[in-house]
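Structure first, commentary second.
Protein chains in written order, with our numbering: chain V, 2 to 282; chain P, 2 to 282.
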């Protein structure tokens, strides 16, 4: 497995593969990998001849009072996991390598999808996500990029960016991965105390109940489903940021539950903000 | 010469060339071509195996009170000129093909270079230019793109975009082309009455005088040079938008004239706004 530290090395590596007629998949991550990330790698390996994983805690998608500094990092462990998973190259640049000493004066914004849900609580977050992903796409020039549906809003925003800017990369969404007890995998789970972690199970169980109620015909009213989920998680969480039922592509609120509806939520346990969601199929 | 009307056709044409190991140059234009554009084509032909010229009057770079509707168009003549110039393909989409029915919700902005000079009078102009160029780059995926130094600020903004977003396209600047009497070539010259056209010669003659005064050691003080140009063109124009002496890359004002300084101006003759500039070498 190649370890690439510069944009130039990443571009050159990918270009050499392309010249050999090999297709390239990119899996963008912020590291501190878990089985969710490794599921993205497995999907990427099926989609392309070569897989590049980027490991970069992107400063521009964190707000000034967010957890950029304390975001968990363990490069050695990440690289070992990726090597074992059969990844061809890892791209792990420094922030200075990515953005230069002067920083960027060109920025991106999205007006329809990125101001609701997580975007409402995290102004500038999706601008930073679009910026770093567009840069990664331009550096690696992959045929395919794989993103987890755990970050459902991120995927919707990036798909919109790809559409609006004609980005020549196929974006693939990968199903959310859960622990055995239902907790959605997240690098931020490491922040949770054992007691908080236990309470956090309310998120997945509330989503599972809503899914069951819909599948068994007991509730297809979106407002009632959302209220019911909010009631359940409010009991367990220290605060509830949002619970919504929206179209998974437009993120516009829906009245009736149906396949393609994204039920998404964010809540806080202690100092830790967790997100979870379920897409009805 | 292929005439491509869809993004899909443009992507496929360019992809087929790349698969054959051929390099591709793009010359983005808004059509109504003149010898300045054809000089870009000649440079593009030297830089790559295949040349694509886009002909697209981009609505997103025009302000609500600007000349989008009346901007001159003559596709038949443009295509004949490009065929004669040995262009391999012309990409001439409709606005709906480029932006879709819903339009774009993702936008770009540039904070350092695009708010001065023409950007001060044309808010949103360079955001539209960046947007359409990034789309064209993503569609055609050229190795090289050629832009005229006539639009010196546009070139500086696009170079900044390419740097900040790691756009994998080499941007090449091509020298400004003038009529025999000194008037800078522009599709908008067609708006000028004979009397306005005559007065507009003050722009190039004021720039030429400043260049001579600098080269012969009479004036290297940027403020004095700018004041002198402003005085000369104020006599001829109906109004002067700006005259500046700036670094050609950062667009920051300079105190002393030196190679790499861009002297740029905009002025109005009747309803027509003309720009002109000179880069000291």
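Ideal placement from N, C-alpha and C gives every residue a C-beta, glycine not left out.
Buried or exposed for residue i, please, with buried defined as at least 16 other CB atoms from any protein chain shown within 10 angstroms of its CB.
i, result
"residue 49(V)", "buried"
"residue 62(V)", "buried"
"residue 36(V)", "exposed"
"residue 174(V)", "buried"
"residue 143(P)", "buried"
"residue 256(P)", "exposed"
"residue 277(V)", "buried"
"residue 191(P)", "exposed"
"residue 14(P)", "buried"
"residue 59(V)", "buried"
"residue 116(V)", "exposed"
"residue 123(P)", "buried"
"residue 30(P)", "buried"
"residue 251(P)", "exposed"
"residue 226(P)", "buried"
"residue 265(P)", "buried"
"residue 24(V)", "exposed"
"residue 187(P)", "buried"
"residue 86(V)", "buried"
"residue 249(V)", "buried"
"residue 6(V)", "exposed"
"residue 17(V)", "exposed"
"residue 196(P)", "exposed"
"residue 274(P)", "buried"
"residue 89(V)", "buried"
"residue 103(V)", "exposed"
"residue 67(V)", "exposed"
Any heavy atom of the ligand ADP closer than 7 Å to the Cβ of residue i?
i, result
"residue 164(P)", "Absence of the ligand ADP from the depicted structure is noted, as is the absence of any ligand whatsoever, leaving it without description."
Chain V partners of residue i, CB-CB under 7 Å?
i, result
"residue 8(P)", "167"
List the residues of chain P whose Cβ lies closer than 8 Å to the Cβ of residue i, in chain order.
i, result
"residue 12(V)", "169"
Excluding the 5 residues flanking residue i on each side, which residues of the same chain have their C-beta closer than 7 Å to its C-beta?
i, result
"residue 8(P)", "94, 98 and 140"
"residue 41(P)", "28, 147, 149 and 175"
"residue 202(V)", "182, 183 and 184"
"residue 239(V)", "269, 270 and 271"
"residue 245(V)", "118, 227, 254 and 265"
"residue 258(V)", "215, 221, 223, 226, 246 and 281"
Under 6 Å Cβ to Cβ from residue i, same chain only, skipping five residues before and after it: list those, please.
i, result
"residue 228(P)", "none"
"residue 79(P)", "32, 34 and 56"
"residue 26(P)", "45, 48, 49, 52, 143 and 145"
"residue 82(V)", "34"
"residue 1(V)", "Lying before the first or after the last residue shown, residue 1(V) is absent from chain V, which here runs from 2 to 282."
"residue 72(P)", "58"
Leaving aside the five residues before and after residue i along the sequence, list all residues of the same chain whose C-beta is less than 8 Å from its C-beta, in chain order.
i, result
"residue 12(P)", "140, 141 and 142"
"residue 233(V)", "203, 206, 207 and 210"
"residue 108(V)", "128 and 132"
"residue 121(P)", "243"
"residue 135(P)", "109, 162, 166 and 168"
"residue 64(V)", "123, 124, 125 and 126"
"residue 283(V)", "Residue 283(V) is absent from the model: chain V starts at 2 and stops at 282."
"residue 179(P)", "185, 186 and 205"
Enumerated in chain order, which unbroken segments of the beta strand (DSSP E) with a length of 3 residues or greater are wholly contained in the region 8-87 of chain P? 25-30 and 51-56
Closer than 7 Å, Cβ to any Cβ of chain V: which residues of the region 153-173 of chain P, in chain order? 161, 162, 165, 166, 167, 168 and 169
With a floor of 3 residues, list each beta strand (DSSP E) that falls wholly inside the region 196-267 of chain P, ordered by position along the chain. 240-248
Could you run through the region 107-127 of chain P and flag, in chain order, every residue whose CB is less than 8 Å away from some CB of chain V? 107, 108, 109, 110, 111, 112, 113 and 114
If you scan the region 102-166 of chain V from start to end, which runs of the alpha helix (DSSP H) of 4 or more residues do you find wholly inside it? 119-122, 126-141 and 153-165
What residues in the region 136-147 of chain P bring their beta carbon closer than 7 Å to a beta carbon of chain V? 136, 139, 140 and 142
What residues from the region 89-105 of chain V come within 7 Å of chain P, judged by C-beta to C-beta, listed N to C? 105
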